[in-house]
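Asker: Before we start, here is the structure in question, set down as structure tokens.
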Amino acid sequence: DFITTGPTVQVVRGLGLLGRGIDPARTYPPNADPSEVAVHLRKGEDLRLNELRSMVLASTNNVPIRVGDVVDGGREPESNGEHRGVIVGAHPAQGRVAVSRPKVVDGEEVLDADGNRIWVDRPDLVQGLVLLRKGEQSLPALTDVKEKVKQLNATADKLLPGVKLETVYDRTRLVDLTTHTVRENVVLGIVLVTLILLVFLNHIPSAIIVAINIPLALLFAMSVLYFRGLSANLLSLGAVDFGIIVDSSVIMVEAIYRSLSAGERPEMELKDRILYATSDVERGLFYSTIIMVFALLPLFTMQGPEGQIFGPMADTYAFALGGALILSLTLSPVLCRLMFTKLRPSRDNVLVRVLKGFYVGQLKLALRLRWVSLALFLGLIVATGLALPHLGAEFMPELEEGNVYVRGTFPVNASLDEVADKAADARSILRKFPETSLIMNLMGRPNDGTDPTGFYNCEISVPLKTHDEWPLLIKQTGWKRWVFGPMRARSKTELIDEMNRDLVAAIPGVDWNFSQYIRDNVLETLSGVKGENAVKIFGPDLDKLEEI
Numbered sequence: 010d011f012i013t014t015g016p017t018v019q020v021v022r023g024l025g026l027l028g029r030g031i032d033p034a035r036t037y038p039p040n041a042d043p044s045e046v047a048v049h050l051r052k053g054e055d056l057r058l059n060e061l062r063s064m065v066l067a068s069t070n071n072v073p074i075r076v077g078d079v080v081d082g083g084r085e086p087e088s089n090g091e092h093r094g095v096i097v098g099a100h101p102a103q104g105r106v107a108v109s110r111p112k113v114v115d116g117e118e119v120l121d122a123d124g125n126r127i128w129v130d131r132p133d134l135v136q137g138l139v140l141l142r143k144g145e146q147s148l149p150a151l152t153d154v155k156e157k158v159k160q161l162n163a164t165a166d167k168l169l170p171g172v173k174l175e176t177v178y179d180r181t182r183l184v185d186l187t188t189h190t191v192r193e194n195v196v197l198g199i200v201l202v203t204l205i206l207l208v209f210l211n212h213i214p215s216a217i218i219v220a221i222n223i224p225l226a227l228l229f230a231m232s233v234l235y236f237r238g239l240s241a242n243l244l245s246l247g248a249v250d251f252g253i254i255v256d257s258s259v260i261m262v263e264a265i266y267r268s269l270s271a272g273e274r275p276e277m278e279l280k281d282r283i284l285y286a287t288s289d290v291e292r293g294l295f296y297s298t299i300i301m302v303f304a305l306l307p308l309f310t311m312q313g314p315e316g317q318i319f320g321p322m323a324d325t326y327a328f329a330l331g332g333a334l335i336l337s338l339t340l341s342p343v344l345c346r347l348m349f350t351k352l353r354p355s356r357d358n359v360l361v362r363v364l365k366g367f368y369v370g371q372l373k374l375a376l377r378l379r380w381v382s383l384a385l386f387l388g389l390i391v392a393t394g395l396a397l398p399h400l401g402a403e404f405m406p407e408l409e410e411g412n413v414y415v416r417g418t419f420p421v422n423a424s425l426d427e428v429a430d431k432a433a434d435a436r437s438i439l440r441k442f443p444e445t446s447l448i449m450n451l452m453g454r455p456n457d458g459t460d461p462t463g464f465y466n467c468e469i470s471v472p473l474k475t476h477d478e479w480p481l482l483i484k485q486t487g488w489k490r491w492v493f494g495p496m497r498a499r500s501k502t503e504l505i506d507e508m509n510r511d512l513v514a515a516i517p518g519v520d521w522n523f524s525q526y527i528r529d530n531v532l533e534t535l536s537g538v539k540g541e542n543a544v545k546i547f548g549p550d551l552d553k554l555e556e557i
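Numbered per the working numbering, the sequence shown spans residues 10 to 557.
Right under this line is the structure:
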């Protein structure tokens, strides 16, 4: 054992580490030769083993019979440089790690004569995990870890001879994927909202004024999140509906546009006409925004993982709505003053006229049969209240992580070697799928027992290539063939179905479950079981439990 004491590393008396005659207080500077420390520790170990060999078991004719006399190795335990008889053994293996990688030369995967990838299978490795502290940022931590791994591999005295650290999985790709998703959602949301505004308002300056408020409202929301110590990420920005955010700006701009184009109050200056149009809708804008914020109350009350997922989204929605309301009352009238100087009356397009006619007809019918309409709405409210107790208490949306996490459950009495042999067959099956980029196999449990399971547990991590790299293997028929082409790539669901079918056929008697890295951990945290759907049965009779 080692403890750090200021500028030195002190060798302290551990569990049987040091033998008699070794100074436990000896210290080494941080830049000490590792071989010197190793020699010091080996001397202590040799003394301890010699003491064990010298233990007396019995005495015949006053001649002591020691441990070293009866075990393999005899009285010369150190002959030929070997320590036999009494040796330092290893703990029984509680698990095993194997990795299969495609052979790569100059960044390109090596193929055999049949065009298949050549895989390098390593059946016994040591795995380590780097844990991110709660609340820390992923990308800076990943950058620092990669730099540290590079330093360890480049420095000869940092690792044992022949040992090299290889990164199997890191979160960089997931962060990049989610960042791309957020960027795509923001850009497409702004473009779609702008196009819809052009269709309904039929006026380009009005659509531009409303579209300008979208990034500004998001900037306001992100600023509030920043000052509150929260992060803007996929959970907070990925599901934001930009049409709802700019609803207040749409109402304000349309009210000003309709008032000016209709020629209301022509005797007033343009500024005063805009102020009058603004005053007509500002009270309604405020209350409509409050109503939308109140609609988010269920998201604010969620607890556990659901609360961590939907809480940031609810915060972002509320702040963005507040920012959009402020912008609609301040910026939008100013932009209308600048861009509506030469406004000409315009007629509604065909789509708006059809929708308006349909809406007005429904409104007249509801007003004429107002008691029937009121009864219908009350009935809907009552039905919703009656359905609330039967709704599920958990709702976890699925994030596409770009990987497959395969968990095989073998019979409980299976040995580690048997599971390892079958796991090798499973790896060879999964290697046949061209969508896979690597296969890492964990069997049993870690030696420190932090994951309490047995040899029957087999977990296979399968990072996938980006979807653009998936081969086109499925034939298309009908109109899809003419629109999207004769072939398409497999969907992830189809890929998992084929993996499951091949594994079940090749390795019978094993239950295979498919999930993703983060999702598997979240589900196990929620229910305590390693699956998406689980039933827990409690009782004293094992036979009855098995029957149920």
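Ideal placement from N, C-alpha and C gives every residue a C-beta, glycine not left out.
In chain order, which continuous runs of the alpha helix (DSSP H) of length 4 or greater are located wholly inside the stretch 414-447?
Answerer: 425-439
Asker: By DSSP's criteria, Asn-412 is part of a beta bridge. Which residues make up the other side?
Answerer: Pro-472
Asker: Please report the distance separating the alpha-carbon of Arg-142 from that of Pro-214.
Answerer: 49 Å
Asker: Going by DSSP in three states, Leu-482 sits in which element: helix, strand or coil?
Answerer: It is a strand residue.
Asker: Are there three or more Cβ pairs, one per stretch, closer than 8 Å when the stretch 412-424 is compared with the stretch 459-478?
Answerer: yes
Asker: Looking at Ala-327: is its Cβ nearer than 8 Å to the Cβ of Leu-347?
Answerer: no
Asker: Find out if the Cβ-Cβ distance for the pair Arg-206, Ser-270 is shorter than 8 Å.
Answerer: Here the sequence assigns Leu to residue 206, which means Arg is not the residue at that position. The answer is no: Cβ separation not under 8 Å.
Asker: Measuring CB atoms only, is the stretch 447-459 touching the stretch 99-108, in the sense that at least three cross pairs come out at less than 8 Å?
Answerer: Taking one beta carbon from each stretch, the stretch 447-459 and the stretch 99-108 have 3 or more pairs nearer than 8 Å; the two touch.
Asker: Taking the straight line between their C-alpha atoms, what separation do you get for Gly-98 and Asp-179?
Answerer: 34 Å
Asker: Within 10 angstroms of the Cβ of Asp-324, are there 16 or more other Cβ atoms? Answer buried if so, exposed if not.
Answerer: Note on Asp-324: 16 or more other CB atoms within 10 angstroms of its CB, so buried under the neighbour-count rule.
Asker: How about Ile-473 and Ser-437: do their beta carbons lie closer than 8 Å?
Answerer: The identity of residue 473 in the sequence shown is Leu, whereas the question assumes Ile. For Leu-473 and Ser-437, no; Cβs fall outside 8 Å.
Asker: What number of angstroms, rounded off, separates the C-alpha of Asn-542 from the C-alpha of Gly-320?
Answerer: 25 Å
Asker: Tell me whether Leu-352 sits in a helix, a strand or coil according to DSSP, three-state version.
Answerer: coil
Asker: Is Ile-74 helix, strand or coil by DSSP?
Answerer: strand
Asker: For a test of the three-state rule: what should DSSP assign to Asn-65, helix, strand or coil?
Answerer: Correcting the residue identity first, residue 65 is Val in this sequence and not Asn. Strand at Val-65.
Asker: Where does Ser-109 sit, in a helix, a strand or coil, going by DSSP?
Answerer: strand
Asker: With Phe-303 as the anchor, note down where its alpha helix (DSSP H) starts and where it stops.
Answerer: 279-303
Asker: Would Glu-298 and Ser-257 qualify as a contact pair, given that the criterion is a beta-carbon distance under 8 Å?
Answerer: The residue asked about is misnamed: residue 298 is Thr in this sequence, not Glu. Cβ distance < 8 Å, so Thr-298 and Ser-257 count as in contact.
Asker: Within the chosen definition, does the stretch 143-159 reach the stretch 494-510 through at least 3 CB pairs nearer than 8 Å?
Answerer: no
Asker: Per DSSP, what kind of secondary structure is Gly-320 in: helix, strand or coil?
Answerer: helix
Asker: Check for me: the alpha helix (DSSP H) holding Pro-224 runs from which residue to which?
Answerer: Element bounds for Pro-224: 213-236.
Asker: According to DSSP, is Ser-258 helix, strand or coil?
Answerer: helix
Asker: Would you list, in sequence order, the uninterrupted alpha helix (DSSP H) runs of no fewer than 4 residues that lie entirely inside the stretch 126-199?
Answerer: 147-163
Asker: Secondary structure at Phe-386, three-state DSSP: helix, strand or coil?
Answerer: helix
Asker: When you compare only the Cα positions, how much space is there between Arg-51 and Ile-469?
Answerer: 38 Å
Asker: Quick check on DSSP: helix, strand or coil for Arg-362?
Answerer: helix
Asker: Measuring alpha carbon to alpha carbon, tell me which residue in Asp-130, Val-139, Arg-528 is nearest Lys-157.
Answerer: Val-139
Asker: For Val-262 versus Ile-218, is the C-beta spacing smaller than 8 Å?
Answerer: yes
Asker: Just curious, the alpha helix (DSSP H) that Asn-509 is in, first and last residue?
Answerer: Residues 501-515.
Asker: Can you find the residues in the same chain that come closer than 6 Å, C-beta to C-beta, to Arg-62, ignoring five residues on each side of it along the sequence?
Answerer: So the qualifying residues of the chain are Val-76, Gly-77, Pro-86, Val-95.
Asker: Do you know offhand how far His-49's Cα is from Asn-456's?
Answerer: Cα to Cα, the separation comes out at about 26 Å.
Asker: Tell me, please, which residues DSSP counts as bridged to Asp-520.
Answerer: For Asp-520, the pairing in a beta bridge is given by DSSP as Thr-418.
Asker: So the alpha helix (DSSP H) Arg-490 belongs to, where does it begin and stop?
Answerer: Residues 488-493.
Asker: Less than 8 Å between the CB atoms is what I'm expecting for Gly-518 and Pro-420, so what's the real figure, rounded?
Answerer: 6 Å
Asker: Sort out for me which residues DSSP pairs Val-114 with in a bridge.
Answerer: Glu-117
Asker: Under the assumption that Asp-520 contacts Thr-393 (Cβ atoms under 8 Å), give the Cβ distance between them as a whole number of angstroms.
Answerer: Going by Cβ atoms, the distance from Asp-520 to Thr-393 rounds to 39 Å, so no, they are not a contact pair.
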